[in-house]
Amino acid sequence: MPSSITVSLGGYTFVFGVAAILLVLIVLGIFVFRQIQRIRINSARREISCTIAPDASKKTRAEILSTIEDISALRSSLFPRFTDCNMISEHANQPYVQRMIGFDEIISGIDRQLEKIHPSLARRPGQSTYAYLLHIRSLGQLNDLSDRFIERISLLHEVCRFRTTVPFGDAELEEVRSLLADFAKILTRHHELLDAAITSQANDEPQGVGGRLLRRAVTKKGSGVAAESIPLLTIKSHKERPKR
7 MPSSITVSLG
17 GYTFVFGVAA
27 ILLVLIVLGI
37 FVFRQIQRIR
47 INSARREISC
57 TIAPDASKKT
67 RAEILSTIED
77 ISALRSSLFP
87 RFTDCNMISE
97 HANQPYVQRM
107 IGFDEIISGI
117 DRQLEKIHPS
127 LARRPGQSTY
137 AYLLHIRSLG
147 QLNDLSDRFI
157 ERISLLHEVC
167 RFRTTVPFGD
177 AELEEVRSLL
187 ADFAKILTRH
197 HELLDAAITS
207 QANDEPQGVG
217 GRLLRRAVTK
227 KGSGVAAESI
237 PLLTIKSHKE
247 RPKR
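In structure tokens, the structure reads:
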């Protein structure tokens, strides 16, 4: 009886047993590796958090937000204005003083208000008011911004800046203020819609101009250099170097 057991467990049976164990270990290793890769891919596809310092304490987050507000206030204070006390006192009796006031109020009522919603809404260099407002309307689907409204406020802005032969007095200045008041009401009603449109655009097109993501290079085996998304800024990702 003992000899028969020894014969059944020896020879090829032992080899087949070891091979079966190795096969099971290889299959388990492949399964674990695939699960790890799946978790990494799913974590990379998670929605980007635009919250400032989400993992920081309340005190640290408050300090960061306070610093951002200070920078915004400093930027606004350094922005050149035509209607400060010195300029108004110097040009108070000039016929173009209404143009100076209108120009500053349009910048303050449109550009500064949109920048407060999100910095990516800032006007691009050389962009006219007409093109700027059309872009804002298409971005946030603000149907309340009619073509007539955009054309009128854009025309008044251009008259303030360039068309010195076109009259611009107290009546035109009051019209500018009335249009800006309507624009402020539109922004108040559609603030959340515009902010949601910016967030959606940042998630769908992370490489767009004026985006909200920082692209950090991440080296991957066999695929050159890819990019990892980080909130707040946008820079171009590194391209794979051509093989020599």
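When we follow this note's numbering, the leftmost residue of the sequence shown carries the number 7, and every step to the right adds one.
By construction, the Cβ of each residue, glycine as well, lies at the ideal position given by its N, Cα and C atoms.
1. With distances taken from CA atoms, which of Val21, Ile192, Val172 and Thr19 is nearest Gln104?
2. Buried or exposed, going by whether 16 or more other CB atoms sit within 10 Å of the CB of Val30?
3. Please report how far the alpha carbon of Ala137 lies from the alpha carbon of Asn149, in whole angstroms.
4. Could you check the C-alpha separation between Thr205 and Ala26 for me, to the nearest Å?
5. Quick one: using the 10 Å Cβ neighbour count with 16 as the cut-off for buried, is Ile32 buried or exposed?
6. Decide if the segment 106-118 is in contact with the segment 181-194; the criterion is three or more beta carbon pairs, one per stretch, under 8 Å apart.
7. What is the residue span of the alpha helix (DSSP H) that Ser184 lies within?
8. Closer than 7 Å by C-beta to Asp176: which residues in its own chain qualify, once you throw out the five before and the five after it? Chain order, please.
9. Do you know offhand how far Arg46's Cα is from Val38's?
10. Val182: which of Arg169, Glu111, Ser126 and Phe168 sits nearest, CA to CA?
11. Please say whether Leu151 and Arg158 have beta carbons closer to each other than 8 Å?
12. Should Val165 be labelled buried (16 or more other beta-carbon atoms within 10 Å of its own) or exposed?
13. Roughly how many angstroms separate the alpha carbons of Leu162 and Gln133, rounded to a whole number?
14. Given a threshold of 16 other Cβ atoms within 10 Å of its Cβ, counted over all protein chains shown, does Leu71 qualify as buried or as exposed?
15. Could you give the distance in angstroms between the alpha-carbon of Gly35 and the alpha-carbon of Leu80?
16. Between Ile192 and the rest of its own chain, which residues show a CB-CB distance below 7 Å, the 5 nearest in sequence each way excluded?
Here's the rundown:
1. Locating residue 104 in the sequence shown gives position 98, where the first residue counts as 1. When the alpha-carbon of Gln104 is set against those of Val21, Ile192, Val172 and Thr19, the nearest one is in Val172.
2. By one-based count along the sequence shown, residue 30 stands at place 24. Exposed, because fewer than 16 other Cβ atoms sit within 10 Å of the Cβ of Val30.
3. For the purposes of this step, residue 137 is taken as residue 131 along the sequence shown, with counting starting at 1. For the purposes of this step, residue 149 is taken as residue 143 along the sequence shown, with counting starting at 1. Roughly 16 Å between the two C-alpha positions.
4. The count along the sequence shown starts at 1 and reaches residue 205 at position 199. The count along the sequence shown starts at 1 and reaches residue 26 at position 20. Those two C-alpha atoms are separated by around 53 Å.
5. Within the sequence shown, the letter at position 26 stands for residue 32. By the 10 Å Cβ count, Ile32 comes out exposed.
6. Yes: at least three Cβ pairs fall under 8 Å.
7. Position 178 of the sequence shown, counted from the start, is the residue given in the question as residue 184. Bounds of the alpha helix (DSSP H) holding Ser184 are Asp176 to Arg195.
8. On the sequence shown, position 170 is the one that residue 176 refers to. Contacts found: Gln104.
9. Position 40 of the sequence shown, counted from the first residue, corresponds to residue 46. Position 32 of the sequence shown, counted from the first residue, corresponds to residue 38. When rounded, the separation of the alpha-carbon atoms in Arg46 and Val38 is 13 Å.
10. To locate residue 182, count along the sequence shown from 1; it is residue 176. By alpha-carbon distance to Val182, the top candidate from Arg169, Glu111, Ser126 and Phe168 is Glu111.
11. By one-based count along the sequence shown, residue 158 stands at place 152. By one-based count along the sequence shown, residue 151 stands at place 145. In this structure, Leu151 does not lie closer than 8 Å to Arg158 by Cβ.
12. The residue labelled residue 165 in the question sits at position 159 within the sequence shown. Around the C-beta of Val165, 16 or more other C-beta atoms lie within 10 Å, and the residue is accordingly described as buried.
13. Locating residue 162 in the sequence shown gives position 156, where the first residue counts as 1. Locating residue 133 in the sequence shown gives position 127, where the first residue counts as 1. Spanning the two alpha carbons is a distance of roughly 16 Å.
14. For this step, residue 71 is matched to residue 65 along the sequence shown. Leu71 should be labelled exposed.
15. Numbered from its first residue, the sequence shown carries residue 35 at position 29. Numbered from its first residue, the sequence shown carries residue 80 at position 74. Distance from the CA atom of Gly35 to the CA atom of Leu80, rounded to whole angstroms, is 58 Å.
16. For the purposes of this step, residue 192 is taken as the residue at position 186 of the sequence shown. Once the five neighbours on either side are set aside, the close Cβ partners of Ile192 are Leu148, Asp150 and Leu151.
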